[in-house]
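Heads up, the thing below is written out as structure tokens.
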Amino acid sequence: DGGITQSPKYLFRKEGQNVTLSCEQNLNHDAMYWYRQDPGQGLRLIYYSQIVNDFQKGDIAEGYSVSREKKESFPLTVTSAQKNPTAFYLCASKVQGAKDEQFFGPGTRLTVL
Amino acid sequence: RKEVEQDPGPFNVPEGATVAFNCTYSNSASQSFFWYRQDCRKEPKLLMSVYSSGNEDGRFTAQLNRASQYISLLIRDSKLSDSATYLCVVNSLRAAGNKLTFGGGTRVLVKP
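Protein chains in written order, with our numbering: chain V, 7 to 119; chain Y, 673 to 784.
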């Protein structure tokens, strides 16, 4: 089955710790994205990558970092510099092209204790 | 002004009724448009793309009005299972490539 997987589903972190969220896709999509969603809010773009070994900052990149060493994988690190990291994190991927929709993973719910 | 704006609702809809809501966008160069459905604590899933001529998928009808820069979604014969948040998504071409911008979502509650 093709799709996007994210792990873990729930993650608890102590303040001051870095944590890495996993995102893997086997859809052969070139572009991958990370979003953050807060309760009752829409999705905000953190980082995106159009091709391997290249990525760009989204609207709220501060306190986050990413890598794109493989086409299938786009991990997101939430660093201690992120002031309010508790949120629902969604990874997505799509084929390049304006009319193609994004496909989302099931999300990781991060809670900072 | 936000790039993509939606009425957050909630729209309280009697079962069997029709509900419609809009989404406005500010970038006149926007190229493609989508409606996603998101259930509570789940990921968004594509409901339908929005084509220039308007399109229909069962009980759902989407329309695009480029002159006034909005898209709409109409749900006929509402079912209890239609209760969800509906996200408007707009794809715009930027210097760094295509960018999808999400609206804040419109919450729909269908009641018996």
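Ideal Cβ placement from N, Cα and C applies to all residues, glycine included.
Look at the alpha carbon of residue i and the alpha carbon of residue j, and state the distance between them as a whole number of angstroms.
{"i": "residue 35/V", "j": "residue 61/V", "result": "14 Å"}
{"i": "residue 17/V", "j": "residue 724/Y", "result": "42 Å"}
{"i": "residue 32/V", "j": "residue 86/V", "result": "30 Å"}
{"i": "residue 731/Y", "j": "residue 23/V", "result": "48 Å"}
{"i": "residue 740/Y", "j": "residue 747/Y", "result": "21 Å"}
{"i": "residue 14/V", "j": "residue 28/V", "result": "7 Å"}
{"i": "residue 705/Y", "j": "residue 678/Y", "result": "14 Å"}
{"i": "residue 82/V", "j": "residue 703/Y", "result": "28 Å"}
{"i": "residue 726/Y", "j": "residue 89/V", "result": "43 Å"}
{"i": "residue 46/V", "j": "residue 77/V", "result": "32 Å"}
Starting from the C-beta of residue i, find all residues in its chain whose C-beta is less than 8 Å away, skip the five residues before and the five after it, and write them out in chain order.
{"i": "residue 628/Y", "result": "As displayed, chain Y neither begins before 673 nor continues past 784, which places residue 628/Y out of reach and without an answer."}
At 9 Å on the CB atoms, spell out the chain Y contacts of residue i, in chain order.
{"i": "residue 61/V", "result": "Neighbours of residue 61/V on chain Y: none; closest Cβ ~10 Å, over 9 Å."}
Once you ignore the five residues that flank residue i on each side, which residues in its own chain have a CB closer than 6 Å to its CB?
{"i": "residue 722/Y", "result": "705, 734, 736, 743"}
{"i": "residue 753/Y", "result": "none"}
{"i": "residue 26/V", "result": "81, 83"}
Give the C-beta separation of residue i and residue j to the nearest angstrom, bearing in mind that I take them to be a contact with Cβ-Cβ under 8 Å.
{"i": "residue 112/V", "j": "residue 715/Y", "result": "5 Å"}
{"i": "residue 758/Y", "j": "residue 709/Y", "result": "6 Å"}
Kindly list, in the order they appear in chain V, the residues whose Cβ is closer than 7 Å to that of residue i.
{"i": "residue 728/Y", "result": "Residues of chain V passing the Cβ test: none, with the nearest at roughly 18 Å."}
{"i": "residue 718/Y", "result": "107"}
{"i": "residue 772/Y", "result": "108"}
What does a CB cutoff of less than 7 Å around residue i pick up in its chain, not counting 5 residues either side in sequence?
{"i": "residue 44/V", "result": "93"}
Chain V partners of residue i, CB-CB under 8 Å?
{"i": "residue 724/Y", "result": "The contacting residues do not exist; residue 724/Y stays about 11 Å from chain V at best."}
{"i": "residue 759/Y", "result": "48, 49"}
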